[in-house]
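Visitor: This structure is in C-alpha cells; I'll ask about it shortly.
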Amino acid sequence: MSGSQSLPYEALKAVGAAKHAAYVAADPFPHIVIDDFLPPAILETVLDEFPGPDAIDWKRFKDGTGRKLATRDEAQMGPRTLALLHELNSSRFLRVLEALTGIDGLIPDPHLEGGGLHQIERGGFLKVHADFNKHEKLGLDRRLNLLLYLNKDWREEFGGHLELWSPDMKRCAHRVLPLFNRCVVFSTTDNSFHGHPEPLTCPEGASRKSIALYYYTNGRPAEEASRSHSTLYQRRPGEGLYSPRATFKTFVHKLIGRKSGAVPRS
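Those letters in the sequence shown? Residues 107 to 372, per this note's numbering, in order.
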C-alpha cells in the first residue's frame with residue numbers, strides 16, 4: 107500500500123496508547139475491541155478480492171471442534187490483501203501493538219501459521235479453545251491474536267459472535283459480533299479461552315469473513331510459561347462431548363500440567 111492507502115500508523119499508535127489501561131484490565135483476560143479500525147477504503151478493496159468458498163483451494167476444517175475454511179497461501183490472495191497483511195506485520199504496526207498491550211519485542215509471523223484468511227459458512231462454528239502456544243517452525247512464544255472482520259451489513263440474528271470465556275469456563279464474559287472493520291486484539295495464554303461456538307445462522311451464500319494474525323516474542327513471563335502444546339478445546343457449561351479425542355487430549359494436558367507445572371506437546 108502506498109500514498110493515501112497506507113495505514114495511519116501514528117493515529118493507530120495514539121489509539122493504542124490511549125486504550126492500554128483498558129486493555130490490560132479487561133475481563134476475562136487482556137483484550138480490546140476497536141470499531142472503525144482502519145480507513146474503510148482499505149478494507150473495501152480487501153473485501154472486493156476476498157475469495158469465495160469455491161474460488162480457491164481453501165483448507166477445510168470439518169469435525170467436532172469446528173467447521174471453517176482457511177488459507178495462509180499468499181499465492182491465493184489478492185494484491186490489496188497481501189499489501190494489508192504485510193503492513194500489519196510491519197515494524198511500524200508492531201509499535202502500535204506494543205503501545206496497546208505493553209508487550210515489548212513483538213515478532214510477526216511471515217508464515218501465517220494458523221492465520222491468514224478465515225471464512226465460515228452457514229452452520230459453521232469453532233468451539234471454545236486456547237490456542238497453541240509455540241510456533242512450531244520458529245520456536246517462538248505466541249502472545250497476541252489480532253482478528254479483523256470483513257462482514258458488511260451483518261445482523262445480530264446472523265450470529266457468528268466471538269465469545270471470550272473465563273479461565274474456569276463458568277461464564278462467557280463477552281460476545282463480540284463480527285462487524286465490518288471491527289478489530290479484536292487479545293493476549294494468548296493457556297487460559298485465554300475463546301471461540302465462535304454457536305453454529306452460524308446467516309443466509310445461504312453469506313459467510314463470516316475475517317483476517318487473523320498472530321504475534322510472538324522470544325520468551326514470555328514465567329507465570330505464563332508451559333511446555334509446547336497444540337489447541338486446547340474446552341466445553342461450555344452443559345455442553346456435551348463434541349469431540350472425544352479433543353476432550354481427552356485437553357484432559358491429559360491439564361492433568362500432566364498440574365503434576366509437572368507444564369503442558370506437553372500433543
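We put the beta carbon where it would ideally sit given N, CA and C, even for glycine.
Name the residue from G172, Y321 and H126 whose alpha carbon lies nearest to the alpha carbon of K233.
Guide: Out of G172, Y321 and H126, G172 has the C-alpha closest to the C-alpha of K233.
Visitor: Assign P327 to buried or exposed, taking buried as 16 or more other Cβ atoms, counted over all protein chains shown, within 10 Å of its Cβ.
Guide: That one is exposed.
Visitor: Just mark E329 as buried or exposed, buried being the case when its beta carbon has 16 or more other beta carbons within 10 Å.
Guide: Classification of E329: exposed, given that the 10 Å Cβ count is below 16.
Visitor: Answer with buried or exposed for E204, where buried requires no fewer than 16 other C-beta atoms within 10 angstroms of its C-beta.
Guide: Burial call: buried.
Visitor: Does the beta-carbon distance from A236 to N287 come in below 8 Å?
Guide: No, they are not a contact pair.
Visitor: Of the residues G170, L285, H192 and N251, which one's Cα is nearest the Cα of E180?
Guide: Among G170, L285, H192 and N251, the Cα nearest to that of E180 belongs to H192.
Visitor: Would you check if the distance between the CB atom of L218 and the CB atom of S316 is smaller than 8 Å?
Guide: Their beta carbons are not under 8 Å apart, which means L218 does not touch S316 by this criterion.
Visitor: For the beta strand (DSSP E) holding D247, just list the boundary residues, first then last.
Guide: Note, D247: beta strand (DSSP E), D247 to Y255.
Visitor: Within its chain, find whatever has a CB closer than 6 Å to the CB of Y115; leave out the 5 residues flanking it on each side and keep chain order.
Guide: Cβ neighbours of Y115 beyond the five flanking positions: R198.
Visitor: Have a look at P350 and L252 and give me their C-alpha separation to the nearest angstrom.
Guide: Residue placement at P350 cannot be trusted, given a pLDDT of 40 that sits under 50; what the coordinates show is reported in the next sentence. Between P350 and L252, the C-alpha separation is close to 29 Å.
Visitor: With 16 other CB atoms within 10 Å as the buried threshold, where does S313 fall?
Guide: The residue in question, S313, is buried, as its Cβ has 16 or more Cβ neighbours within 10 Å.
Visitor: So, does the region 134-144 touch the region 261-279, judging by three or more C-beta pairs under 8 Å?
Guide: Short answer: they touch.
Visitor: So is G158 buried or exposed if we call it buried at 16+ other beta carbons inside 10 Å?
Guide: Exposed, since its Cβ has fewer than 16 Cβ neighbours within 10 Å.
Visitor: Who pairs with H316 in a beta bridge, going by DSSP?
Guide: Reading off the sequence shown, one finds Ser at residue 316, where the question assumed His. DSSP lists H224 and Y255 as partners of S316.
Visitor: Count the other C-beta atoms from every protein chain shown that fall within 10 angstroms of the C-beta of K174, then say buried if there are 16 or more, exposed otherwise.
Guide: The residue is buried, with at least 16 neighbouring Cβ atoms inside 10 Å.
Visitor: Looking only at DSSP bridge pairs, what is R173 linked to?
Guide: Beta-bridge pairing links R173 to K168 and F231.
Visitor: Which of the three DSSP states, helix, strand or coil, is assigned to K243?
Guide: Coil.
Visitor: Using alpha carbons as the reference points, say which of E310, L319, V291 and L144 lies closest to G229.
Guide: Closest by alpha carbon: E310.
Visitor: Using DSSP with H/G/I as helix, E/B as strand and the rest coil, what is A279?
Guide: Three-state DSSP puts A279 in a strand.
Visitor: Between which two residues does the beta strand (DSSP E) containing I138 stretch?
Guide: I138 -> beta strand (DSSP E) spans H137 to I140.
Visitor: Would you report the Cα separation of L283 and G325, rounded to the nearest angstrom?
Guide: If I take the Cα positions, the gap works out to 33 Å.
Visitor: Can you have a look at D247 and say buried or exposed, based on whether 16 or more other CB atoms are within 10 angstroms of its CB?
Guide: D247 should be labelled buried.
Visitor: Run through DSSP, which three-state label would S197 get?
Guide: DSSP places S197 in helix when its eight states are reduced to three.
Visitor: When burial is assigned at 16 or more other CB atoms within 10 Å of the CB, is T307 buried or exposed?
Guide: Classification for T307: exposed.
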